[in-house]
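Student: In UniProt numbering, the protein residues as written are 1 to 562. Pasting a structure here, questions to come.
Here it is in structure tokens:
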């Protein structure tokens with residue numbers, strides 16, 4: 001590492017200059033203690049802000065908060081009106097977890113700042129004060145310091161949102177909700193109260209959702225708010241509404257590159273390959289044009305993040321082309337991701353391509369031994385190999401593989417669940433039920449195990465009341481999961497509750513228009529005499545996956561041609 005040049009100040013006398021130079025030499029040669037004393041002494045001699053800042057940096061580099069505080073205190077004493085000195089002092093008080101000293105110092109900084117910087121600084125306070133050990137004390141500090149700014153028009157929204165964020169961190173959701181609602185009332189089109197509302201909703205406080213839902217109805221909703229709301233909907237497994245928000249975001253702000261990536265990923269998950277390819281190539285073109293100039297550590301980190309995002313876009317482009325059975329294009333995009341940046345999902349995708357090319361030995365070698373950017377535990381590789389076998393229709397081989405490893409890890413619920421699914425496909429229903437009940441016993445909150453057994457019974461039209469109870473348990477655990485909603489709709493259909501089944505299956509399809517849900521919803525509509533609506537739903541399912549087994553079997557059984 002080249003030596004850091006000392007700060008230049010034409011007013012420095014020769015002794016002070018050589019003191020700085022000696023301090024920098026010692027800092028670079030592994031003597032930071034001596035360097036700190038020399039640089040701090042030079043700062044006090046010259047009254048130079050740059051030297052005080054450098055003394056703080058050297059103290060932090062040597063992991064000496066006491067010296068950093070000493071330098072900052074000397075700086076404040078020398079320059080009591082320096083915003084930089086006072087800001088550094090506050091940051092160090094937070095870093096050293098001294099909450100009692102923060103209010104006075106922070107109040108002084110906010111008073112000194114011009115209006116524009118004051119608003120942005122208040123907005124950043126949750127990130128800084130949130131680093132304190134006691135979140136309750138962090139909230140109290142903010143309440144004490146921000147009271148004068150809650151009534152002033154330029155700062156009131158930032159102040160209330162700040163208090164709301166800190167209240168949420170402190171576990172005081174009711175206080176956070178109150179601040180969010182007041183901030184939104186004061187400025188109905190300001191974005192930050194809505195982002196606070198999303199934080200609340202993401203933490204399970206659904207009382208915030210009506211505010212968000214009203215806000216996003218407006219055409220002028222900022223793209224970053226729509227993207228954040230889409231992320232919330234995705235977490236709730238409502239991919240259909242999430243994608244609608246992303247489409248709106250890109251329609252109103254097409255220059256938002258992150259929005260194109262998010263939209264493309266969602267469209268791949270919805271198996272809308274053609275539109276996904278368009279969105280992802282738009283992102284790659286715009287991101288590549290923007291480039292990344294590395295001039296500092298922060299810029300280097302940003303460049304790495306941008307490169308990773310490009311790799312993710314290429315990965316999903318390959319998925320989209322695979323959905324179109326275009327293996328050559330998929331291979332082309334995967335080949336643009338260097339092996340040293342390959343994550344396991346990308347490795348699995350390479351293996352899937354090899355399987356499609358009938359190169360099974362190479363695919364297995366890749367899954368079992370392929371290197372990735374991060375270490376992968378053996379269990380993950382086993383599950384991936386079973387996934388490859390399943391996708392290729394080799395259910396017996398998948399069953400044998402999983403059974404061997406489940407015997408070695410008899411309490412691994414992931415292995416047990418996957419083994420049960422393989423047993424189900426091999427029509428070993430009793431074995432599958434034993435395995436799924438074992439998974440429930442090991443993890444009573446495993447919603448997928450309850451759902452799998454309930455759906456299996458409903459599909460075979462057996463023990464329907466028990467199937468209903470099992471799926472209801474799964475739905476209680478994961479009420480927003482569209483696939484569990486699909487299972488409940490299907491068992492209601494089997495029980496003869498057609499209207500309830502239709503409503504729940506429609507809800508599932510709206511959230512996640514999957515071909516299997518299309519098969520079930522279409523059949524219910526067909527039985528109810530709504531043939532044209534059924535055909536529309538089935539066509540949508542076939543557009544996403546023309547070879548989907550359940551959908552094809554449904555059409556054959558009902559003797560429907562589309």
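Every residue, glycine too, gets a C-beta built ideally from N, C-alpha and C.
Classify residue 128 as helix, strand or coil using the three-state DSSP reduction.
Tutor: Position 128 of the chain shown, counted from the start, is the residue given in the question as residue 128. Correct three-state label for residue 128: helix.
Student: Would you call residue 188 buried or exposed, if buried means 16 or more other Cβ atoms sit within 10 Å of its Cβ?
Tutor: Your numbering for residue 188 matches position 188 in the chain shown. With fewer than 16 other Cβ atoms within 10 Å, it is exposed.
Student: Comparing the CB of residue 335 with every heavy atom of the ligand FAD, is any distance shorter than 6 Å?
Tutor: Absent from the structure shown: the ligand FAD. Ligands present: none.
Student: According to the Cβ coordinates, are residue 520 and residue 491 closer than 7 Å?
Tutor: Along the chain shown, one-based indexing puts residue 520 at 520. Along the chain shown, one-based indexing puts residue 491 at 491. Not a contact, by the Cβ cut-off of 7 Å.
Student: Between which residues of its own chain and residue 389 is the CB-CB distance below 6 Å, once the five residues before and five after are set aside?
Tutor: Along the chain shown, one-based indexing puts residue 389 at 389. Contacts found: 397, 398.
Student: Considering only their Cβ atoms, is the gap separating residue 241 from residue 565 smaller than 7 Å?
Tutor: The structure shown does not extend to residue 565, since the chain is modelled only from 1 through 562, so no value can be given for it.
Student: Using alpha carbons as the reference points, say which of 192, 54, 510, 87 lies closest to residue 103.
Tutor: For the purposes of this step, residue 103 is identified with residue 103 of the chain shown, where counting begins at 1. Closest option to residue 103, Cα to Cα, is 87.
Student: Rounding to the nearest angstrom, what Cα-Cα distance links residue 380 and residue 436 in this structure?
Tutor: Stepping through the chain shown from its first residue, residue 380 is reached at position 380. Stepping through the chain shown from its first residue, residue 436 is reached at position 436. Going by the C-alpha atoms only, they are around 20 Å apart.
Student: When you compare the CB positions of residue 509 and residue 501, do they come within less than 7 Å of one another, or not?
Tutor: Here residue 509 corresponds to residue number 509 of the chain shown, with the count starting at 1. Here residue 501 corresponds to residue number 501 of the chain shown, with the count starting at 1. No, Cβ-Cβ distance for residue 509 and residue 501 is not below 7 Å.
Student: I'd like to know if the region 141-161 and the region 169-186 are in contact, where contact means that at least 3 CB-CB pairs between them fall below 8 Å.
Tutor: Enough Cβ pairs lie closer than 8 Å, so yes.
Student: Do residue 128 and residue 94 have their beta-carbon atoms positioned less than 7 Å apart in this structure?
Tutor: Counted from its first residue, the chain shown places residue 94 at position 94. Counted from its first residue, the chain shown places residue 128 at position 128. In this structure, residue 128 lies closer than 7 Å to residue 94 by Cβ.
Student: Check residue 144 in the structure and name its three-state DSSP category.
Tutor: The residue labelled residue 144 in the question sits at position 144 within the chain shown. Correct three-state label for residue 144: helix.
Student: Taking the CB atoms as reference points, tell me whether residue 216 and residue 229 lie closer together than 7 Å.
Tutor: Start at 1 with the first residue of the chain shown, and residue 216 comes out as number 216. Start at 1 with the first residue of the chain shown, and residue 229 comes out as number 229. Cβ distance < 7 Å, so residue 216 and residue 229 count as in contact.
Student: Taking the alpha-carbon positions, what's the residue 445 to residue 79 distance?
Tutor: Residue numbering aside, residue 445 sits at position 445 when the chain shown is read from its first letter. Residue numbering aside, residue 79 sits at position 79 when the chain shown is read from its first letter. Using only the alpha carbons, I get a separation of about 60 Å.
Student: State buried or exposed for residue 447, treating a residue as buried only when at least 16 other CB atoms are found within 10 Å of its CB.
Tutor: Reading the chain shown from its first residue, position 447 is the one you call residue 447. So residue 447 ends up on the buried side.
Student: Could you give the DSSP three-state label for residue 290: helix, strand or coil?
Tutor: The residue given as residue 290 occupies position 290 in the chain shown. Reduced to three states, the DSSP call for residue 290 is helix.
Student: Can you find the residues in the same chain that come closer than 8 Å, C-beta to C-beta, to residue 414, ignoring five residues on each side of it along the sequence?
Tutor: Here residue 414 refers to the residue found at position 414 of the chain shown. Within the same chain, residue 414 has close Cβ partners 379, 383.
Student: On the three-state DSSP scale, how would you describe residue 404?
Tutor: Stepping through the chain shown from its first residue, residue 404 is reached at position 404. Residue 404: helix per DSSP, three-state reduction.
Student: Can you tell me whether DSSP reads residue 13 as helix, strand or coil?
Tutor: The sequence position of residue 13 within the chain shown is 13, counting from 1. Its pLDDT being 48, under 50, residue 13 is placed unreliably by the model, and the measurement read from it follows with that caveat. Three-state result, residue 13: coil.
Student: Given a cut-off of 7 Å, decide if residue 193 and residue 166 are closer than it, judged by their beta-carbon atoms.
Tutor: Counting from one through the chain shown, the residue named residue 166 turns up at place 166. Counting from one through the chain shown, the residue named residue 193 turns up at place 193. No, Cβ-Cβ distance for residue 166 and residue 193 is not below 7 Å.
Student: Which value, in whole angstroms, describes the spacing of the CA atoms of residue 150 and residue 118?
Tutor: For the purposes of this step, residue 150 is taken as residue 150 along the chain shown, with counting starting at 1. For the purposes of this step, residue 118 is taken as residue 118 along the chain shown, with counting starting at 1. Straight-line Cα distance between these residues: approximately 13 Å.
Student: Go to residue 556, then tell me how far its alpha helix (DSSP H) extends in each direction, as first and last residue.
Tutor: Position 556 of the chain shown, counting from 1, holds the residue named residue 556. Taken as a continuous stretch (DSSP letters only), the alpha helix (DSSP H) holding residue 556 covers 549-558.
Student: At the level of alpha carbons, what is the spacing between residue 213 and residue 173?
Tutor: Here the question's residue 213 lines up with position 213 in the chain shown. Here the question's residue 173 lines up with position 173 in the chain shown. About 19 Å.
Student: Alpha carbon to alpha carbon, how far is residue 54 from residue 68? Give it in angstroms, no decimals.
Tutor: What you label residue 68 is simply residue 68 of the chain shown in a count that begins at 1. What you label residue 54 is simply residue 54 of the chain shown in a count that begins at 1. Cα to Cα, the separation comes out at about 10 Å.
Student: How many Å lie between residue 141 and residue 76 at the Cα?
Tutor: Start at 1 with the first residue of the chain shown, and residue 141 comes out as number 141. Start at 1 with the first residue of the chain shown, and residue 76 comes out as number 76. Approximately 21 Å, taken between the alpha carbons.
Student: For residue 227, which of 195, 237, 484, 201 has the nearest alpha-carbon?
Tutor: Taking the first residue of the chain shown as position 1, residue 227 is located at position 227. For the residues 195, 237, 484, 201, the minimum Cα distance to residue 227 belongs to 195.
Student: Please determine if the region 331-351 and the region 360-378 are in contact, where contact requires at least 3 C-beta pairs separated by less than 8 Å.
Tutor: Because the criterion of three Cβ pairs below 8 Å is met, the region 331-351 and the region 360-378 touch.
Student: Please list, in chain order, all residues of the same chain as residue 416 whose beta carbon is under 7 Å from its beta carbon, the five residues on each side excluded.
Tutor: As a position in the chain shown, residue 416 is number 416, starting the count at 1. Answer for residue 416: 406, 435, 438, 439, listed in chain order.
Student: Is residue 114 helix, strand or coil by DSSP?
Tutor: Reading the chain shown from its first residue, position 114 is the one you call residue 114. Residue 114 falls in the coil class under three-state DSSP.
Student: Under 7 Å between the Cβ atoms of residue 276 and residue 267?
Tutor: Looking up residue 276 in the chain shown gives position 276. Looking up residue 267 in the chain shown gives position 267. Yes; because the gap between Cβ atoms is below 7 Å, this pair is in contact.
Student: For residue 185, does the three-state DSSP call read helix, strand or coil?
Tutor: Numbered from 1 along the chain shown, position 185 holds the residue referred to as residue 185. Helix, per DSSP.
Student: Report the residue ranges of all alpha helix (DSSP H) runs contained in full by the region 463-531; include only those spanning at least 4 residues, in chain order.
Tutor: DSSP runs (the alpha helix (DSSP H)) wholly in the region 463-531: 464-477, 482-494, 498-511, 515-527.
Student: Return helix, strand or coil for residue 546, following the three-state DSSP convention.
Tutor: If you number the chain shown from 1, residue 546 lands on position 546. The answer is coil: DSSP assigns residue 546 none of H, G, I, E or B.
Student: Ordered along the chain, which non-local residues of its own chain (more than five positions away) have a Cβ less than 8 Å from that of residue 386?
Tutor: Here the question's residue 386 lines up with position 386 in the chain shown. 398, 401, 402, 418, 422, listed in sequence order.
Student: Could you tell me the distance, in whole angstroms, from the CA atom of residue 250 to the CA atom of residue 286?
Tutor: In the chain shown, counting from the first residue as 1, residue 250 sits at position 250. In the chain shown, counting from the first residue as 1, residue 286 sits at position 286. If you take the alpha carbons of residue 250 and residue 286, they lie about 13 Å apart.
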